[in-house]
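Undergrad: So that we are looking at the same thing, I have put the structure below in structure tokens.
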Amino acid sequence: MLKFENVSLKYGSFLALEKVSLHADKGELVVLLGANGAGKSSLFLTASGIHQAAGGSITWEGKELVGSKPSTIVQSGVVQCPEGRKLFPQMTVQKNLELGAYVHRRDAGPSQQILEEVFALFPILRDKKDDPAGSLSGGQQQMVAIGRAMMGRPKVLLLDEPSLGLAPLVIKQMFEVIQRINQSGTTVLLAEQNAFAALKIAHRAYVLENGHIVREGKPDELLADDSIRKAYIGA
Ligand code: ATP
């Protein structure tokens, strides 16, 4: 289980997360809904060891992540796919993907195998493997970003707004792949503003507002809730 307990985060004197508690059971696909600035990225960056929590605990399979180096956290199986993709646009697609395996670089054989698995998830990336990542469409670049995270062999994948800026049809395909990744055994924590599409594939969801968890529920409960629909679905 990935467990956040009373996690707080400060940027200077600004409290971006205040005592956030949530969990994702092994094999679950859990969605974190929240508007711009709610704190979704901050929560993921804290789990990844990029930001240091001001308080609280984040554990994966009972092991404390707060205070660990980002590389150690990736090695333990918790891998983030950041908002905005953060690719190296001049490097080829394959090189970008290989960077995701950096922390496991000593065993080159399995990396080749995982690269094949990524190409099986996103066949278009095999065709584009020698192209600069920056020449790909937005949807294809998001595939590279998710593929790069998969190269880190996640047991838990932290996906930060994968649908950002993508066309509806591409979003649909992206969410189908995310569901497949989850069904093949990877626990997924998915931060999204695209609530409708995310809730369609989620097992459970939380709502984050101004650094606080304000709701938790099953997708059907949240989809049936007028205040949630108004705030996050626009209906
Ligand atoms: P978005 O989708 O817009 O990224 P989010 O839910 O991921 O939204 P965060 O990026 O985590 O939200 O931001 C939470 C709050 O913390 C916001 O008020 C934001 O302005 C602030 N914040 C984020 N990063 C920093 C930083 N490095 N320094 C100071 N404040 C920050």
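For the sequence shown, position 219 (counting from the first letter as 1) is numbered 218 according to numbering that gives the first Met the number 0, and the numbering increases by one without interruption. Built from N, CA and C at the ideal position, the CB exists for glycine as well.
1. How long is the line joining the alpha carbons of A15 and A34, rounded to whole angstroms?
2. Any residues whose CB sits closer than 5 Å to a heavy atom of the ligand ATP? List them in chain order?
3. Whole angstroms is fine: what's the gap from T91's alpha carbon to P131's?
4. How would you call G151, buried or exposed, if buried means at least 16 neighbouring beta carbons within 10 angstroms?
5. Taking 8 Å as the threshold, find out whether the segment 13-27 comes into contact with the segment 200-216 through three or more Cβ pairs.
6. Give the secondary structure of G133 by DSSP, where H, G and I count as helix, E and B as strand, and everything else as coil.
7. Between E160 and E191, how many whole angstroms is the CB-CB distance? I'm expecting something under 8 Å.
8. Alpha carbons only, please: which of L64, G137, K9 is nearest the one belonging to A166?
9. Assign P122 to buried or exposed, taking buried as 16 or more other Cβ atoms, counted over all protein chains shown, within 10 Å of its Cβ.
10. Please state whether the Cβ-Cβ distance between S41 and G210 is less than 9 Å.
11. Could you check if M150 belongs to the surroundings of the ligand HEM, using beta carbon to heavy atom distance under 8 Å?
12. Does S7 come out as helix, strand or coil in the three-state DSSP assignment?
13. Expressed to the nearest angstrom, what Euclidean distance is found between the alpha-carbon atoms of S110 and L135?
14. Quick one: is K85 buried, meaning 16 or more other Cβ sit within 10 Å of its Cβ, or exposed?
TA: Concretely, from the data shown:
1. 13 Å
2. Working through the chain, the matches are Y10, A15, G33, N35, G36, A37, G38, K39, S40, S41.
3. 4 Å
4. Under a 10 Å Cβ-count criterion, G151 is classified as buried, with 16 or more other Cβ atoms of the shown protein chains found around its own Cβ.
5. yes
6. helix
7. 6 Å
8. Scanning L64, G137, K9 for the CA closest to the CA of A166 turns up G137.
9. exposed
10. yes
11. Absence of the ligand HEM is noted for the structure shown, with the ligand ATP being the only ligands found.
12. strand
13. 23 Å
14. exposed
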